[in-house]
Amino acid sequence: MKLLIVEDEVQLADALTEILKRNKYIVDTCYDGIDGLDNGLTGVYDCIILDIMLPGMNGIEVLRNLRQEKISTPVLLLTARSEIEDKINGLDTGADDYLTKPFVTDELLARIRALTRRKGEFIDESRMDYNGLLLNKNTSSVIWQGNDVKLSLKEYQIMELLITNPRQILPKERIIEKIWGYESDVEYNNIEVYISFLRKKLSVISAPVQIRTARGVGYSLE
Ligand code: CA
Numbered sequence: 002m003k004l005l006i007v008e009d010e011v012q013l014a015d016a017l018t019e020i021l022k023r024n025k026y027i028v029d030t031c032y033d034g035i036d037g038l039d040n041g042l043t044g045v046y047d048c049i050i051l052d053i054m055l056p057g058m059n060g061i062e063v064l065r066n067l068r069q070e071k072i073s074t075p076v077l078l079l080t081a082r083s084e085i086e087d088k089i090n091g092l093d094t095g096a097d098d099y100l101t102k103p104f105v106t107d108e109l110l111a112r113i114r115a116l117t118r119r120k121g122e123f124i125d126e127s128r129m130d131y132n133g134l135l136l137n138k139n140t141s142s143v144i145w146q147g148n149d150v151k152l153s154l155k156e157y158q159i160m161e162l163l164i165t166n167p168r169q170i171l172p173k174e175r176i177i178e179k180i181w182g183y184e185s186d187v188e189y190n191n192i193e194v195y196i197s198f199l200r201k202k203l204s205v206i207s208a209p210v211q212i213r214t215a216r217g218v219g220y221s222l223e
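Quick note on the working numbering: the sequence shown kicks off at 2 and runs consecutively.
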């Protein structure tokens, strides 16, 4: 899962980034509204955590612009206790939820899980299920009928992307955008290496799914 944090309090933004990365999210961080909007417009995020009071462009304006451009990424607004009107305004503008500062990390994590949960795909917040093939976030492993195998961080992130978009061809470009980011110098053959590791691991646990190659395009989980 890929998240965008837009928060101008650098210490808070960086602390959140660390916590979310430790929870296996892929995180981009912006410290002002204009940067936040630029990033948000790419549409690659699974959730945007957006502060309201921001330099450059405030959070409500960022949100309004995103929704005008038909970007439907779930948005969690961060508000100060005094900004009740902004809260209402934010929800009216198309925010999906809000959290009042200061907040505890566990609550933020729970809100993000709720906003990124896709219908029918999650058994609980730490396990994803695709026709009985389980992906366990806490242990970074894939499990088929009691057999499990550990995944590296990148393998986990690719597997998560595949399992949340089953039977869809995921272009290699999109995998790079999601996992390494736009400006990375990762090449297609790096992804091929990770996919081959994943295929081996899936066969080790005899999982009846395969990562199919759509020649010249990308991969799909079947
Ligand atoms: Ca702020």
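C-beta atoms are modelled at their ideal positions from N, C-alpha and C, and glycine is treated no differently.
| task | Please determine, among VAL150, LYS22 and SER221, the residue with the shortest C-alpha to C-alpha distance to ARG168. | result | SER221
| Can you give the Cα-Cα distance for TYR131 and ILE164, rounded to whole angstroms? | 6 Å
| Could you give the distance in angstroms between the alpha-carbon of THR43 and the alpha-carbon of VAL63? | 13 Å
| message | With H, G and I counted as helix, E and B as strand and the rest as coil, what does DSSP make of THR43? | response | Here THR43 sits in coil by DSSP.
| field | Coil, strand or helix - ARG175 by DSSP | value | Three-state DSSP puts ARG175 in a helix.
| message | I'd like the list of long-range same chain contacts for PRO56, defined as Cβ closer than 6 Å, with 5 residues on each side in sequence excluded. | response | ASP9 and ASP33
| query | Sorry if obvious, but does the Cβ on ASP36 come closer than 7 Å to a heavy atom of ligand 1? | reply | For ligand 1, not one heavy atom lies less than 7 Å from the Cβ of ASP36.
| query | Does the Cβ of ARG23 have 16 or more other Cβ atoms within 10 Å, making it buried, or fewer, making it exposed? | reply | ARG23 is exposed by the Cβ-count criterion.
| Helix or strand or just coil, what does DSSP make of ILE212? | strand
| said: If contact is defined by three or more beta carbon pairs under 8 Å, each pair taking one atom from either stretch, is the stretch 189-209 in contact with the stretch 149-166? | reply: Touching, yes.
| In its own chain, which residues sit with a C-beta less than 7 Å from the C-beta of GLU156, not counting the 5 before and 5 after it? | The beta carbon of GLU156 lies closer than 7 Å to those of TYR195, PHE198 and LEU199 in the same chain, with the five residues before and after it left out.
| said: Measuring only from the beta carbon, is THR10 closer than 7 Å to any heavy atom that is part of ligand 1? | reply: Reading off the sequence, residue 10 comes out as Glu, not Thr. True, at least one ligand heavy atom lies under 7 Å from that Cβ.
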